[in-house]
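Residue numbers (the UniProt record's numbering): 1 to 246. Where a beta carbon is used, it is the ideal one built from N, C-alpha and C, also for glycine.
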């Protein structure tokens with residue numbers, strides 16, 4: 001039954017991607033962020049309806065008024081949907097260039113000025129992140145970075161790349177760390193979506209003025225990984241931390 005429900009949701013997600021991406025492509029640019037948020041919120045609801053997969057959020061009060069840099073754990077497709085729904089409308093994502101080639105999805109992504117990098121480019125990719133990220137932050141856009149660079153299985157971790165922390169050092173913008181346990185329910189390469197409740201925690205704002213990138217990166221990694229380790233796991237009987245439910 002879980003597999004059938006998971007397949008039904010996957011079909012729903014693909015259909016809504018084509019529909020909303022088409023609308024984003026033909027409507028004025030200023031409408032795009034509203035359409036993207038509507039798509040994300042619809043899909044979060046659909047996960048609850050179809051798969052019994054819901055979520056709780058703690059820490060919304062930590063989101064600042066001005067543009068900031070989000071450094072988030074990356075375990076699943078779920079958080080890429082959830083952050084679009086939760087964060088302010090004007091978002092720029094750091095992502096791999098290959099995503100831009102996906103029909104409809106990639107075409108719509110271009111409307112949101114992503115920082116699309118070649119992950120094999122090394123220092124050139126970091127230079128691109130800094131150049132484009134600084135300009136976008138100055139324009140009032142939030143920059144979302146997954147410092148591990150790829151989805152990692154629940155219970156595991158990858159070294160945190162320093163690009164997002166370098167952007168924080170150069171810009172002086174605050175960092176918003178985000179932890180969650182989505183990979184416990186929707187695996188990184190899995191169709192299966194287990195019913196339950198995902199916990200997402202938005203951490204206290206980390207000021208970066210006068211701090212070096214290495215220090216920022218270490219602090220972010222420690223907070224995220226410690227928080228993820230403390231989150232409930234399916235069947236553990238632990239209580240969730242959330243204050244807002246979806």
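Spatially closest choice to residue i from the options, by CA coordinates
i, options, result
"residue 161", "135, 198, 218", "218"
"residue 196", "153, 180, 234", "234"
"residue 142", "167, 155, 120", "167"
"residue 114", "123, 137, 120", "137"
"residue 158", "73, 185, 26, 25", "73"
"residue 135", "146, 173, 156", "173"
"residue 200", "21, 31, 97, 60", "60"
"residue 225", "181, 57, 67", "181"
"residue 90", "130, 37, 96", "37"
"residue 169", "119, 213, 2, 124", "213"
"residue 128", "70, 26, 66, 163", "163"
"residue 26", "104, 185, 222, 189", "104"
"residue 227", "189, 211, 179", "179"
beta-carbon residue i near the ligand ADP non-hydrogen atom, thresh 7 Å
i, result
"residue 52", "The ligand content of the structure shown is nil, which means the ligand ADP is not present either."
Cutoff 6 Å; reference residue i; Cβ partners in own chain excluding five residues on either side
i, result
"residue 149", "161"
"residue 71", "145, 147, 164, 175, 177, 220"
Extent of the continuous alpha helix (DSSP H) run through residue i
i, result
"residue 126", "123-138"
"residue 89", "Run containing residue 89: none; DSSP gives neither H nor E here."
"residue 25", "2-26"
"residue 142", "No alpha helix (DSSP H) holds residue 142; the beta strand (DSSP E) holding it covers 142-145."
Residues near residue i in its chain [Cβ-Cβ closer than 7 Å; skip 5 each side]
i, result
"residue 81", "40, 43, 44"
"residue 100", "106, 109, 110, 116"
"residue 207", "174"
"residue 6", "51, 191, 192, 193"
"residue 130", "166, 167, 170"
Exposure label - residue i; buried when at least 16 CB within 10 Å
i, result
"residue 24", "buried"
"residue 94", "buried"
"residue 29", "exposed"
"residue 53", "buried"
"residue 19", "exposed"
"residue 34", "exposed"
"residue 32", "buried"
Residue i - containing beta strand (DSSP E), residue span
i, result
"residue 54", "53-58"
"residue 102", "Residue 102 -> no beta strand (DSSP E), and no H or E assigned at all."
"residue 178", "175-180"
Proximal residues to residue i (C-beta, below 8 Å), its chain only, five neighbours per side dropped
i, result
"residue 64", "174, 176, 205"
Contact belief for residue i with residue j at Cβ below 8 Å, rounded distance in angstroms
i, j, result
"residue 187", "residue 153", "7 Å"
"residue 247", "residue 78", "Absent from the model: residue 247. The displayed extent of the chain is 1 to 246, so no value can be given."
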